[in-house]
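Visitor: One structure is given below, represented as structure tokens, and several questions about it will come after.
Protein chains: 2
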Amino acid sequence: MPTRAAAEVRQDAARAYDAYLASCPARQLLDRISDKWVTLIVSALADGPQRYSDLARRIAGVSQKMLTQTLRLLERDGLLTRQVTAAVPVRVDYELTPLGVSLLPLIACIKDWAETHMDEVAAARDVYDTVAAQ
Amino acid sequence: MPTRAAAEVRQDAARAYDAYLASCPARQLLDRISDKWVTLIVSALADGPQRYSDLARRIAGVSQKMLTQTLRLLERDGLLTRQVTAAVPVRVDYELTPLGVSLLPLIACIKDWAETHMDEVAAARDVYDTVAAQ
DNA sequence: CAGTATCCCTCATGATACTG
DNA sequence: CAGTATCATGAGGGATACTG
Numbered sequence: 001m002p003t004r005a006a007a008e009v010r011q012d013a014a015r016a017y018d019a020y021l022a023s024c025p026a027r028q029l030l031d032r033i034s035d036k037w038v039t040l041i042v043s044a045l046a047d048g049p050q051r052y053s054d055l056a057r058r059i060a061g062v063s064q065k066m067l068t069q070t071l072r073l074l075e076r077d078g079l080l081t082r083q084v085t086a087a088v089p090v091r092v093d094y095e096l097t098p099l100g101v102s103l104l105p106l107i108a109c110i111k112d113w114a115e116t117h118m119d120e121v122a123a124a125r126d127v128y129d130t131v132a133a134q
Numbered sequence: 001m002p003t004r005a006a007a008e009v010r011q012d013a014a015r016a017y018d019a020y021l022a023s024c025p026a027r028q029l030l031d032r033i034s035d036k037w038v039t040l041i042v043s044a045l046a047d048g049p050q051r052y053s054d055l056a057r058r059i060a061g062v063s064q065k066m067l068t069q070t071l072r073l074l075e076r077d078g079l080l081t082r083q084v085t086a087a088v089p090v091r092v093d094y095e096l097t098p099l100g101v102s103l104l105p106l107i108a109c110i111k112d113w114a115e116t117h118m119d120e121v122a123a124a125r126d127v128y129d130t131v132a133a134q
């Protein structure tokens with residue numbers, strides 16, 4: 001069964017490549033910052049500490065689940081700290097760590113490229129779509 | 001029905017925010033480069049033009065579907081060109097455009113941050129997981 | 001060689017309801 | 001206020017088979 005064997009070889013290669021990518025730092029970072037809410041939360045915290053409800057308000061459209069989940073993720077990664085103040089009602093503040101702050105220039109780079117070049121991309125899309133329509 | 005109305009208001013806000021994000025250049029760029037295969041293909045083409053089969057070989061683990069789909073996406077965005085040479089068998093070469101090349105420094109920035117700081121992130125995770133386990 | 005077409009399936013996200 | 005728990009869905013991605 002050469003076909004079956006070839007398929008297996010391909011799948012093995014795919015799995016090995018997946019494993020390789022999983023260990024790639026740049027890939028791990030991209031996995032983080034590509035998350036819809038990660039950059040929004042980090043950017044929101046650039047101005048200083050924020051409470052949970054502040055974040056929920058600033059980042060309209062985020063569900064409680066995703067906000068909590070993403071905050072936990074970022075806390076685990078050492079990008080922000082979670083400070084609970086025992087009171088009634090409870091108060092929880094989130095703040096960027098120096099590591100989290102160090103991410104801001106990178107986000108700024110991405111923003112720069114986007115603001116400089118995304119209109120070219122949009123133009124290219126228009127051309128592509130126009131030609132394809134004919 | 002105040003509950004229902006409140007839920008609707010929240011959903012409207014979420015939709016409006018989605019629309020806002022869809023028009024955000026930085027978000028659009030992140031949507032592109034966060035794609036697993038986009039950065040790999042762009043990086044592979046940094047060395048110069050490559051044929052379809054070259055790319056398939058270099059980027060082990062990519063399916064034909066995703067390779068073709070991603071190449072079309074990048075062509076549409078004006079990041080690379082597709083050059084078909086009529087012959088038997090057909091030959092297709094892909095090459096970065098200047099716009100595509102301009103993306104390379106940004107990818108390098110991301111790589112730099114990752115290689116500089118991802119070990120700190122990994123360390124933070126270890127601490128977090130260790131504390132959580134107790 | 002360089003694709004296209006199809007099916008299938010998982011996994012991430014969001015809505016909803018409940019709580020210390 | 002700041003979450004947790006549960007359920008549903010839908011879109012992205014892979015496997016497979018076929019083609020100019």
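For the protein sequence lines, the chains are A and B, in the order given.
Here the first sequence is numbered in this note's numbering, starting from 1 and rising by one per residue.
Here the second sequence is numbered in this note's numbering, starting from 1 and rising by one per residue.
Heads up, the beta-carbon is just placed ideally off N, CA and C, and yes, glycines get one too.
Remember, predicted model here, so these are calculated numbers, not experimental data.
In this structure, does DSSP put residue 97 (chain A) in helix, strand or coil?
Guide: Coil.
Visitor: For residue 29 (chain A), which of helix, strand or coil comes out of DSSP?
Guide: Residue 29 (chain A) falls in the helix class under three-state DSSP.
Visitor: I'd like the list of long-range same chain contacts for residue 46 (chain A), defined as Cβ closer than 6 Å, with 5 residues on each side in sequence excluded.
Guide: Answer for residue 46 (chain A): 104, listed in chain order.
Visitor: If the cut-off is 7 Å on Cβ atoms, which residues from the stretch 107-122 of chain A count as contacting chain B, listed in chain order?
Guide: Hits within the stretch, in order: 109, 110, 111, 113, 114, 115, 117, 118, 120, 121.
Visitor: Tell me whether residue 2 (chain A) sits in a helix, a strand or coil according to DSSP, three-state version.
Guide: Any reading at residue 2 (chain A) must be qualified, since the residue scores a pLDDT of 47, below 50, and its modelled position is unreliable; the value itself is stated next. It is helical.
Visitor: Counting only runs that start and end within the stretch 61-89 of chain B, where is the alpha helix (DSSP H) found for 4 or more residues in a row?
Guide: Qualifying alpha helix (DSSP H) stretches, in chain order: 64-76.
Visitor: By how many angstroms is the C-alpha of residue 55 (chain B) removed from the C-alpha of residue 10 (chain A)?
Guide: Cα-Cα distance, rounded: 15 Å.
Visitor: Please look up how many angstroms separate the CB atoms of residue 106 (chain B) and residue 80 (chain B), rounded, as I've assumed it's under 8 Å.
Guide: 15 Å between Cβ atoms; not a contact.
Visitor: Are the C-beta of residue 2 (chain A) and some C-beta of chain B separated by less than 8 Å?
Guide: Any reading at residue 2 (chain A) must be qualified, since the residue scores a pLDDT of 47, below 50, and its modelled position is unreliable; the value itself is stated next. Output row for residue 2 (chain A): interface = no.
Visitor: Give a yes or no on whether the C-beta atoms belonging to residue 70 (chain A) and residue 41 (chain A) are separated by under 8 Å.
Guide: Yes, the Cβ-Cβ distance between residue 70 (chain A) and residue 41 (chain A) is below 8 Å.
Visitor: What are the start and end residues of each continuous alpha helix (DSSP H) run of 4 or more residues lying completely inside the stretch 6-55 of chain B, in chain order?
Guide: Complete alpha helix (DSSP H) runs here, min 4: 25-33, 36-44.
Visitor: Is the Cβ of residue 89 (chain A) closer than 8 Å to any Cβ of chain B?
Guide: By this cut-off, residue 89 (chain A) is not an interface position.
Visitor: Could you work out which residues of chain B lie near residue 26 (chain A), taking near to mean beta carbons separated by less than 7 Å?
Guide: Going along chain B in sequence order, the residues near residue 26 (chain A) (Cβ under 7 Å) are 110, 111, 114.
Visitor: Taking 8 Å as the threshold (beta carbon to beta carbon), is residue 163 (chain A) in contact with chain B?
Guide: Lying before the first or after the last residue shown, residue 163 (chain A) is absent from chain A, which here runs from 1 to 134.
Visitor: So, using beta-carbon positions, are residue 28 (chain A) and residue 114 (chain B) closer together than 8 Å?
Guide: Contact: yes.
Visitor: State yes or no: is the beta carbon of residue 33 (chain B) nearer than 8 Å to at least one beta carbon in chain A?
Guide: Yes, because at least one Cβ of chain A sits closer than 8 Å to the Cβ of residue 33 (chain B).
Visitor: Which residues in chain B have a C-beta closer than 7 Å to the C-beta of residue 77 (chain A)? List them in chain order.
Guide: Within 7 Å Cβ-Cβ: 121, 124, 125.
Visitor: When we look at the beta-carbon of residue 26 (chain B) and count the other beta-carbons within 10 Å, is it buried (16 or more) or exposed?
Guide: Residue 26 (chain B) comes out buried.
Visitor: Within 8 Å of any Cβ in chain A, is that where the Cβ of residue 30 (chain B) sits?
Guide: Taking Cβ atoms only, chain A reaches closer than 8 Å to residue 30 (chain B), which makes this a yes.
Visitor: Could you give the distance in angstroms between the alpha-carbon of residue 59 (chain B) and the alpha-carbon of residue 38 (chain A)?
Guide: One C-alpha to the other measures close to 28 Å.
Visitor: Closer than 6 Å by C-beta to residue 52 (chain B): which residues in its own chain qualify, once you throw out the five before and the five after it? Chain order, please.
Guide: Cβ within range, chain order: 92.
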